[in-house]
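A short write-up of the structure that comes next.
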Amino acid sequence: MAQPHPKQKFFEIIKPGSNFEFVANERYWIGLSLVLVAISLIMLPLNAYVLKGRGHVLNWGVDFRGGTELMIELSKKVEPGDLRKAFSDSGYENADVVRYTDPSGRSQDSYIVRLGAVSILTEAQAKQAQQAISKEGDATLHKFEWSEGGDKIYLRYDKTVDPEHLKTSLSAVGVNALQVQPFGRPDEHGYEVTLVSLDSELRRDIDARFGAGTVQAIPQVQSVGAKAGKQLQLDGARSLLFAILLIMVYIAFRFDLRYGPGTVVALLHDAVLTVGAFAITYKEFSLTTVAAVLTIIGFSMNDTIVVFDRIRENASRMRDKAFDRVVNISINETLSRTIWTSATVFFVTLAMNVFGVGVIRDFAFAMNVGVIVGTFSSIFIASPILIWLNRKYVESQKSAPRQAREPRRPKRGDMDEAKA
Amino acid sequence: MERSWWWKALLYGLVTVLAALYLVPTVSYLWPDKFPEAKLPSFLRENFKKRIQLGLDLQGGLHLVYEVNVDKAVNDKVDRIAGALEDRLKANDAALDLAVTREGRDEIILTFKNPAQQAKVDDALLREYRRQLDLVDRSATTGVVRLRLDPDQVEEIRDGALRQGIETIRNRVDKSGVGEATIIRKGTDIVVELPGLGAERFESIKRMIGRTAQLEFKIVDDGSEYMKKVASLVPRDGAITIQPESWTEKDSGKPHEDVYLRAKSREAIEKFFEGLTGENALPADHEIGYEESQGRNDAGDLTPDKVWRTYYLKKRAALTGEYLTNADQNWDSQTGRPEVSFEFDHQGAAISERMTRENMGRKMAVMLDDNVKSAPVIEGVISSRGRITLGGLGDPMQLQNEAKEIAAVLRSGALPAPLRKTFETQVGATMGGDAIAKAKFAMGIGAAAVVIFMLIYYRGSGLIANIAMILNLLFMIAILAAFEASLTLPGIAGLVLTVGMAVDANIIIYERIREELRHGKSPRTAVEAGFDRAFWTVFDAHVTNFVAGVVLYSYGSGPIRGFAVTLLVGIITNLFTSYWLSHWMFDVVVNRRGAARATLSI
Chain A
1 MAQPHPKQKF FEIIKPGSNF EFVANERYWI GLSLVLVAIS LIMLPLNAYV
51 LKGRGHVLNW GVDFRGGTEL MIELSKKVEP GDLRKAFSDS GYENADVVRY
101 TDPSGRSQDS YIVRLGAVSI LTEAQAKQAQ QAISKEGDAT LHKFEWSEGG
151 DKIYLRYDKT VDPEHLKTSL SAVGVNALQV QPFGRPDEHG YEVTLVSLDS
201 ELRRDIDARF GAGTVQAIPQ VQSVGAKAGK QLQLDGARSL LFAILLIMVY
251 IAFRFDLRYG PGTVVALLHD AVLTVGAFAI TYKEFSLTTV AAVLTIIGFS
301 MNDTIVVFDR IRENASRMRD KAFDRVVNIS INETLSRTIW TSATVFFVTL
351 AMNVFGVGVI RDFAFAMNVG VIVGTFSSIF IASPILIWLN RKYVESQKSA
401 PRQAREPRRP KRGDMDEAKA
Chain B
421 MERSWWWKAL LYGLVTVLAA LYLVPTVSYL WPDKFPEAKL PSFLRENFKK
471 RIQLGLDLQG GLHLVYEVNV DKAVNDKVDR IAGALEDRLK ANDAALDLAV
521 TREGRDEIIL TFKNPAQQAK VDDALLREYR RQLDLVDRSA TTGVVRLRLD
571 PDQVEEIRDG ALRQGIETIR NRVDKSGVGE ATIIRKGTDI VVELPGLGAE
621 RFESIKRMIG RTAQLEFKIV DDGSEYMKKV ASLVPRDGAI TIQPESWTEK
671 DSGKPHEDVY LRAKSREAIE KFFEGLTGEN ALPADHEIGY EESQGRNDAG
721 DLTPDKVWRT YYLKKRAALT GEYLTNADQN WDSQTGRPEV SFEFDHQGAA
771 ISERMTRENM GRKMAVMLDD NVKSAPVIEG VISSRGRITL GGLGDPMQLQ
821 NEAKEIAAVL RSGALPAPLR KTFETQVGAT MGGDAIAKAK FAMGIGAAAV
871 VIFMLIYYRG SGLIANIAMI LNLLFMIAIL AAFEASLTLP GIAGLVLTVG
921 MAVDANIIIY ERIREELRHG KSPRTAVEAG FDRAFWTVFD AHVTNFVAGV
971 VLYSYGSGPI RGFAVTLLVG IITNLFTSYW LSHWMFDVVV NRRGAARATL
1021 SI
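Shown next as structure tokens:
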């Protein structure tokens, strides 16, 4: 073999010619991975039924759960218990109240509040309101339409009523309306009541209880109706499924069938472990997390493909070697690249995790986990499956012509072979 | 250097300059104090206007998703049909013992006390309602007839309501003066994004948008003393002009004369009327209607400018859209011009007949949500059927479109389907400011770490990789600016990830080159072989990420889409910069004129 130029220097951490044994020790690694997968899966029912204070398989964000999430900045210290009590007195049961440190330092105290409700009106209040406005002047109410979670009420009377007066009657029973306007035909005497939004109502409630001006700001509000939440859940699940399917198709097209299952199992493995990390830490699992999982799937594939590309190339060059040796050599040859790529992506996302805010932070956390498991899976999950499939379907067919056993090469690879 | 290298140099140079130009508006938008727009050369200001928008999470604002409350609209419609049906059956036989009940959302059940009377629901009656109702079953023994709303009607309601919803929301948002709003239809939802909106306006804007639109018919009070007086009060500064108009009644030939105000902005006229007080104030029983239309120049040709004109209206609206049962665009059989035909129901016909008889020769304004959509002259008594003939000369295609639009407004106005808010995000501007600062910092740290690593590990070649990476960011942002994409927090994450991907491609290629060098190849052949052999690996990696990005884009919503867009754009530009562009830069290093290099700094 030709020697490199004597003055050619490289800055290397992992020296070329490294020969770490990956393949022979695979069962330990697969064992470790199985344990982690098992933990991830067990965490889901544990979260839902056993662990106190959790109550859901994953800490679903409001976008999946439906409901309202608010960030509230207060001008004075308020204990979380008091705040929770205030909410439940106003009719919002089971409010999730989590203190957080306001990065800007503008406020004395700050909370993330999650409520199941999206509208200010509860079932009981609606009944009460219906009672209260059943007679407006000499007009009688004969239709009261309100669906739970709706921010509007539709009323129908037998005579014309004064919208302003209706608004006053409603607020007398604690139902604050933004506006009341006629709706439909004049002879039907219909009215549309638009309720005030939940954040204004909460601000009012807190200020009434803890003193005016307690709520300094509500910098962020997100509310998701139950139906939209279901839709988003469905979209999230569907997107994961489609991504996996499309990637499988691409792999089948670019490599041969033996390479497919390994990549897909590795990819599922990564997805499960990332979700597992969210189950263990009980960090909020939102749409952004799904986006991160999809990105991880892309990256994990990327890793696996780099290793597989090399295996395919080496398999055609090293025909005298056993297939599992070829795999081990290929993993070693690509090791430097695998480690450096993963390390840089890891550090970039770590910076986002440490210094970022909100969505970016959740996203970066998922990426951190994903990069580690993705690198792991391309070496210790995808490759053993490839070897196993090769052993089962290719090496057992001793009578088959040799050429047929070779993996299909891309065009460019063929040209290289011809040149050599 | 080879000739092809120079061609590439020219191409890459041009692309870079173009990208830099596209970046100018974005830079001056993000740092207005350092790069004020006014100081830019005029050719830049005129030719490169597109820029990146800051997403909602970065500049604060409202993101709302509405769905059409179809159930409510359908329910109301079936209620109304049931009522009309009962009136109709009892009209000939007041003593008829008939119970009309409703079941579910769509069904009407007629129960005749005397079972034989169910025959009153005869073919003629069913034919009359064939567009609206389907006969489910009937029984001569129990006297029960079951009817259901035609399923096509449900679709029509949904469709019409969505179109109307978008239209009205757009009008309302335009009127509120919130810039940069996007209102789009996504499936059966209406998505409204209002970036840059102050938190103090959230409530009022939401109230405004969520209100159900009403279609009303109002009479134009022409030739009024009030408008003549107003005309003399209009300031002569040219912002508002006074326009006379006249027409003659078709049958009697009686002339009508009127004046109206016209201006480029509706606010200008509104302000003017608000300023009128005391005896000049608008009479309580009248109001001003506004119509937006295409401007015309002195020669009568259309100009691209929009203008607003006023109508002096009688406030009382006796006739509203709910009395309409149908509206269509068709053609006048005599003149062949496009027209809009419409039908009122029984009650509506009675009101309309009285209204048109009393106001013959006047104009009747069709108003949707405070805007006049059309104001045709009443040329005959309209009871149950009427038509609007579009006047004026003009392009027949345009007239037809106009007619179609009016028909759509009338049709959807027949049923105000309320909008129901299903998703909402509101972000205060301060939140956005913090987020930007943090995101910038995180991104800076991440990028700096990568740059330093590449320089230490690959030295001279690391520099090439870094240049390629910076160019990649430049191209990415330029493309995003050209698409006027909005940059969200996840979008920034996407940018940072692209940096990671760029590094990956470079590492794959460089490790390959190193291998070739170790095999004793000269730098020149090693670079060639390295790039050649790494191509498919790099390409595959990009494709798989691209697939994930496409799926994200199609299923994601809001900010996730922002992430997907940056990812997709980044993947494409990255393949270009980290493969072809850095290959070209390597050619400079290894092909320098004179002695061939013996070693490579990699």
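Residue numbers (the working numbering), protein chains in the order written: chain A, 1 to 420; chain B, 421 to 1022. Beta carbons: idealized from backbone N, C-alpha and C, even for Gly.
Between the C-alpha atoms of residue i and residue j, what's the straight-line distance to the nearest angstrom?
i: Asp-89 of chain A; j: Thr-168 of chain A; result: 23 Å
i: Lys-152 of chain A; j: Ser-197 of chain A; result: 10 Å
i: Asp-554 of chain B; j: Leu-115 of chain A; result: 44 Å
i: Glu-694 of chain B; j: Thr-214 of chain A; result: 38 Å
i: Arg-525 of chain B; j: Asn-495 of chain B; result: 5 Å
i: Pro-4 of chain A; j: Val-958 of chain B; result: 25 Å
i: Asp-924 of chain B; j: Pro-219 of chain A; result: 38 Å
i: Lys-7 of chain A; j: Ala-366 of chain A; result: 44 Å
i: Leu-41 of chain A; j: Asp-362 of chain A; result: 21 Å
i: Ile-387 of chain A; j: Gly-55 of chain A; result: 42 Å
i: Ile-826 of chain B; j: Val-801 of chain B; result: 20 Å
i: Asn-25 of chain A; j: Thr-375 of chain A; result: 17 Å
i: Tyr-191 of chain A; j: Glu-587 of chain B; result: 22 Å
i: Ala-511 of chain B; j: Leu-505 of chain B; result: 10 Å
i: Glu-69 of chain A; j: Val-224 of chain A; result: 9 Å
i: Val-173 of chain A; j: Lys-127 of chain A; result: 11 Å
Check residue i in the structure and name its three-state DSSP category.
i: Ser-20 of chain A; result: Inspection of the sequence shows that residue 20 of chain A is occupied by Phe rather than by Ser. Coil.
i: Gln-820 of chain B; result: helix
i: Asp-96 of chain A; result: strand
i: Trp-1004 of chain B; result: helix
i: Phe-11 of chain A; result: coil
i: Val-113 of chain A; result: strand
i: Arg-807 of chain B; result: strand
i: His-483 of chain B; result: strand
i: Gln-125 of chain A; result: helix
i: His-676 of chain B; result: strand
i: Ala-837 of chain B; result: coil
i: Ser-399 of chain A; result: Reliability fails at Ser-399 of chain A, whose pLDDT of 43 lies under 50, so the model's placement of it is uncertain and the value that follows must be treated cautiously. DSSP places Ser-399 of chain A in coil when its eight states are reduced to three.
i: Asn-779 of chain B; result: coil
Contact check, residue i vs residue j under 8 Å by CB: the rounded distance?
i: Gly-585 of chain B; j: Ile-610 of chain B; result: 5 Å
i: Ile-244 of chain A; j: Leu-273 of chain A; result: Incorrect: roughly 15 Å between the Cβ atoms, too far for contact.
i: Ala-961 of chain B; j: Val-306 of chain A; result: 7 Å
i: Pro-445 of chain B; j: Ala-785 of chain B; result: Not quite, the Cβ-Cβ distance comes to about 42 Å (not below 8 Å), so this is no contact.
i: Phe-347 of chain A; j: Arg-879 of chain B; result: 19 Å between Cβ atoms; not a contact.
Report all residues from its chain with a CB closer than 7 Å to the CB of residue i; omit the five preceding and five following residues, and keep chain order.
i: Gly-848 of chain B; result: Gly-480, Ala-619
i: Gln-552 of chain B; result: Ile-501, Leu-569, Asp-570, Gln-573
i: Val-870 of chain B; result: Val-919, Val-923
i: Ile-589 of chain B; result: Ile-603, Ile-610, Val-612, Ile-629
i: Leu-509 of chain B; result: Leu-516, Leu-518, Lys-540
i: Ala-651 of chain B; result: Ile-662, Val-679
Run the proximity test for residue i: is its beta-carbon closer than 7 Å to any non-hydrogen atom belonging to the ligand GDP?
i: Ser-772 of chain B; result: Summarising the ligand content, the structure contains no ligands, and the ligand GDP is consequently not present.
Might you give, ordered along the chain, the residues of its own chain that have their beta carbon closer than 6 Å to the beta carbon of residue i, omitting 5 neighbours on each side?
i: His-269 of chain A; result: Ser-377, Ile-381
i: Ala-922 of chain B; result: Met-889, Asn-892, Asn-994, Ser-998
i: Leu-51 of chain A; result: none
i: Leu-894 of chain B; result: Ala-439
i: Trp-29 of chain A; result: Phe-380
i: Leu-988 of chain B; result: Gly-969
Among the residues of its own chain, which have a CB less than 8 Å from the CB of residue i, if the five just before and after it don't count?
i: Gly-1014 of chain B; result: Interpretation of Gly-1014 of chain B is limited by its pLDDT of 49, a score under 50 that renders its predicted location unreliable; no figure is taken from the coordinates.
i: Glu-435 of chain B; result: Contrary to the premise, residue 435 of chain B reads as Val rather than Glu in this sequence. Only Phe-895 meet the Cβ criterion.
Quiz prompt | Short-range partners of chain A found in the segment 962 to 979 of chain B, where Cβ spacing is below 9 Å | solution = His-962, Val-963, Thr-964, Asn-965, Phe-966, Val-967, Ala-968, Gly-969, Val-970, Val-971, Leu-972, Ser-974, Tyr-975, Gly-976, Ser-977, Gly-978, Pro-979
Self-check item: Cβ-based contacts, 9 Å cut-off: residues of the segment 211 to 223 of chain A near chain B
Solution: Ala-217, Ile-218, Pro-219, Gln-220, Val-221, Gln-222, Ser-223
Exercise. Taking only beta carbons into account, state which residues of the segment 137 to 163 of chain A come closer than 8 Å to chain B, listed in chain order.
Key: Glu-145, Gly-150, Asp-151, Lys-152, Tyr-154
Quiz item: Can you list, in chain order, the residues of the segment 177 to 201 of chain A whose Cβ is nearer than 9 Å to any Cβ on chain B?
Solution: Leu-178, Gln-179, Gln-181, Pro-182, Phe-183, Gly-184, Arg-185, Pro-186, Asp-187, Glu-188, Gly-190, Glu-192, Thr-194, Val-196, Ser-197, Asp-199, Ser-200
Quiz item: Using a Cβ cut-off of 7 Å, which residues of the segment 18 to 45 of chain A contact any Cβ in chain B, in chain order?
Solution: none
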